[in-house]
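S.K.:
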Amino acid sequence: MFKQSALAALLLRLAAAGTTEWSGSFNDVTVSSLEDWSWSNQVGEYQWYIYGTGNTSDYLAFDASYANPDDSSSTVGAKVSLTSTSYWEGQTMRRTELIPQASDTSAIDSGTLYYHFSIMREDTNAPSVAREHQIAFFESHFTELQYGLADGGSGSGDTTLRWMANSAEQWNVTMEAGIWHNFAYEIDFSGGTVGLWHSTGGDDLTSVVSPVSASASSNGEDWHVGVLELPVTGVSDTTEDLYFSGVYIESGDITTTFSGSSSAAAVSSVAASSTVAAATSAAAPQTTALVSATSSVCKPRTTTVYVTASA
Ligand SMILES: *[C@@H]1O[C@H](CO)[C@@H](O)[C@H](O)[C@H]1NC(C)=O
Ligand SMILES: *[C@@H]1O[C@H](CO)[C@@H](O)[C@H](O)[C@H]1NC(C)=O
């Protein structure tokens with residue numbers, strides 16, 4: 003009985019699934035494997051260079067308890083931390099960000115794609131409600147989540163998690179401790195639109211904002227999986243943790259399902275081998291030189307300069 007319902011759930015998932023163009027699953031990521039990445043050795047699933055002056059383990063940790071337990075494809079999640087040393091390249095913002103390391107960047111920066119990720123906060127080391135956090139953003143900020151009091155906003159705090167497109171708020175939800183929020187950005191890079199899918203826990207994703215016009219663009223290595231926090235005068239730095247799970251980029255039909263905790267144990271091994279398969283194609287080290295630089299600069303509403311690549 004149990005096995006059959008688990009199989010049914012898996013078949014449903016496969017029936018609805020698109021193609022995974024890049025997997026940012028943390029299932030096989032370790033602090034040590036990330037530390038192997040450099041501009042001259044672009045290995046693994048992520049570029050890892052936007053963080054403070056400490057060691058990787060000061061800012062990232064991976065554990066089964068950090069994954070969304072209702073997502074059986076994610077056996078390990080990431081704890082992404084901001085600490086008193088989280089100043090990258092002398093900037094005034096605190097930043098801990100991973101960037102996709104795709105073997106073929108064109109596969110993740112053109113056409114229509116779904117950028118999937120799940121996030122959660124706890125009461126312990128909760129992100130400050132008094133500061134603006136930019137989460138899962140692109141270099142040009144055409145789509146991103148924000149949490150905490152908006153930069154320059156009045157009041158002392160804001161507990162909403164807001165979805166922004168082209169710097170305008172489109173949707174929000176209160177971010178309570180211990181609740182996993184699952185998202186997919188529906189990005190049409192050709193048509194210039196972005197929409198939002200959302201659910202909590204193990205519920206199926208639903209479209210919560212139909213695609214709106216946006217200056218959608220990417221070079222395939224400028225999606226910041228992590229958090230950037232703007233400073234606020236008079237608010238001191240405390241350690242803040244944000245948890246990430248279920249990161250992948252999909253083309254074709256969107257996968258809306260998570261396998262659910264009841265069938266998770268039975269499904270996970272099968273699901274892992276079938277849905278994560280695309281992930282394992284190791285990223286070939288790029289022959290292009292350093293930083294090709296990505297990007298350069300992006301200036302959202304503030305005068306702050308967000309440089310992706312160190313020169
Ligand atoms: C980083 O780790 C090394 C080796 O464990 C240690 O010697 C060093 O003090 C650490 N640096 C920081 C900034 O914590
Ligand atoms: C936040 O979402 C609620 C609906 O859930 C909406 O009424 C409100 O206007 C939104 N806030 C902003 C600033 O858009």
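Residue 9 in my numbering is what sits at position 7 of the sequence shown, and the numbering runs on without skipping anything.
Ideal placement from N, C-alpha and C gives every residue a C-beta, glycine not left out.
#1: Going straight from the alpha carbon of V78 to that of E188, what length do you get?
#2: Any heavy atom of ligand 1 inside 7 Å of the beta-carbon of N57?
#3: Can you tell me which of S34, R133, E171, M177 puts its alpha carbon nearest to the alpha carbon of S120?
#4: Please state whether DSSP places V45 in a helix, a strand or coil.
#5: Compute the distance between the beta-carbons of A134 and L151, then report whether it is under 8 Å.
#6: Using the C-alpha atoms, what's the distance from D255 back to G92?
#7: Is E171 close to ligand 2? I mean its beta-carbon at under 7 Å from any heavy atom of the ligand.
#8: Taking only three categories from DSSP, how would you classify N258?
#9: Quick check: the segment 188-205 against the segment 103-121, are there 3 or more CB pairs under 8 Å?
#10: Please give me, in chain order, every unbroken run of the beta strand (DSSP E) with length at least 3 that falls completely inside the segment 122-189.
#11: Can you give me the C-alpha to C-alpha distance between D206 and F144, rounded to a whole angstrom?
#12: For W90, tell me which candidate among I101, T107, T55 has the shortest Cα-Cα distance.
M.R.: On the basis of the supplied data:
#1: Distance between the alpha carbons of V78 and E188: 25 Å.
#2: yes
#3: M177
#4: coil
#5: A small correction: the amino acid at residue 134 is Glu; Ala does not occupy that position in the sequence shown. With respect to the 8 Å criterion, E134 and L151 are classified as neighbours on the basis of their beta carbons.
#6: If you draw a straight line from the Cα of G92 to the Cα of D255, it comes to about 42 Å.
#7: yes
#8: The sequence shown places Thr at residue 258, not Asn. DSSP places T258 in coil when its eight states are reduced to three.
#9: yes
#10: Runs of the beta strand (DSSP E) spanning 3 or more residues and lying entirely within the segment 122-189 occur at 135-140, 145-149, 162-167, 170-176, in chain order.
#11: 25 Å
#12: T55
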